[in-house]
Amino acid sequence: MRGWWQEITGLVLPVDCAGCGRPRTELCERCRVLIGGAAGSVPVRRVRPTPEPPGLPPVYAAGRYGDEVRAVVLAHKERGALGLAGPLGTALAAAVRRVGVTGTVLLVPVPSARRAVARRGHDATARIARAAARELRRGGAPARAVAALRQRRPVADQSGLGAAGRPVNLAGAVTAAGGAAGLLCAAPVVLVDDLMTTGASLTVAARAVEAAGGRVAGAAVVAGPHDEELHSDARRCR
């Protein structure tokens, strides 16, 4: 019910740009370019956290997480601006293309905690994964979004943990959903998420896919950190 109401109110009520606040547009052209995937966007880039967790697949990001991009991601995830799933999915699709899979590809979202999904009223990562798959199919690439992973135990909120605490928090917490093992073996998997910071969530998700017999070709995110933020993280970890 909450998701339906959010869809309706987004159509009938005036909105401001989720990124910069420009009036009467849910996402202005400048912010659309900043999140990536649109004409004129900066090229998709590979991002590596420092330290890089063992087992992290190659990760490609469409945009840089900060300011307007951060505001757009949070508006979709936390404030239910569901109309942003389209442009976020377009950005995610651009990152998926850089992974370089030929033929059918499975987009597998990093699973969110059930309580977080219930609080938000929607599964933000699964929603943009479906939008990305539609965008890829429109371009002729056979793609499916499959929620094939789940959290099998409660975990702490990752936002309050650093690079050392996140892998410990997630260790053994993600597994293949019931009946998904066969599907994960049917085509190369690209793990998808809205953003990447330490890489812990993607690493744990990759291990779960591989434990089920699947092959992870890489990972794609809407946004990754600025290069200078990566260097700053490295200094803190030392």
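Those letters in the sequence shown? Residues 1 to 238, by full-length UniProt numbering.
For glycine and all other residues, C-beta sits at the position ideal for the given N, C-alpha and C.
With 16 as the cutoff for other CB atoms within 10 Å, does residue i come out buried or exposed?
| i | result |
| --- | --- |
| Ala212 | buried |
| Asp67 | exposed |
| Pro49 | buried |
| Arg115 | exposed |
| Ala93 | buried |
| Gly214 | buried |
| Gly182 | exposed |
| His226 | exposed |
Out of the options, state which residue places its alpha-carbon closest to the alpha-carbon of residue i.
| i | options | result |
| --- | --- | --- |
| Ala217 | Val189, Ala181, Pro43 | Val189 |
| Ala38 | Val47, Cys28, Thr198 | Cys28 |
| Thr102 | Gly86, Ala113, Gly140, Ala132 | Gly140 |
| Ala208 | Leu191, Leu195, Ala71 | Leu191 |
| Gly19 | Ala81, Val110, Ala61 | Ala81 |
| Val59 | Val110, Gly199, Glu210 | Gly199 |
| Gly89 | Ala176, Gly178, Arg127 | Arg127 |
| Ala173 | Gln151, His226, Glu52 | Gln151 |
| Arg64 | Val33, Gly100, Gly179, Gly83 | Val33 |
| Cys91 | Ala133, Glu52, Ala118, Pro51 | Checking the sequence shown, residue 91 turns out to be Ala, not Cys. Comparing Cα positions, the closest option is Ala133. |
| Ser41 | Arg24, Ala61, Glu52 | Ala61 |
Going by DSSP in three states, residue i sits in which element: helix, strand or coil?
| i | result |
| --- | --- |
| Gly89 | helix |
| Arg152 | coil |
| Ala181 | helix |
| Arg32 | helix |
| Ala118 | helix |
| Arg24 | coil |
| Ala176 | strand |
| Arg48 | coil |
Is the distance from the Cβ of residue i to the Cβ of residue j below 8 Å?
| i | j | result |
| --- | --- | --- |
| Val44 | Arg130 | no |
| Pro57 | Ala206 | yes |
| Val69 | Ala187 | no |
| Ala147 | Leu136 | no |
| Ala223 | Leu195 | yes |
| Val108 | Ala220 | no |
| Glu78 | Arg120 | yes |
| Asp193 | Val73 | no |
Task: Segments of 3+ residues assigned as beta strand (DSSP E) that fall wholly inside the segment 61 to 116 - done: 105 to 109
TODO: Enumerate, from N- to C-terminal direction, the unbroken beta strand (DSSP E) stretches of 3 or more residues contained entirely within the UniProt domain "Phosphoribosyltransferase" (189 to 234).
DONE: 189 to 195, 216 to 224
Open item on the list: Restricting to runs no shorter than 4 residues, where is the alpha helix (DSSP H) found entirely within the segment 121 to 150?
Closed with: 124 to 138
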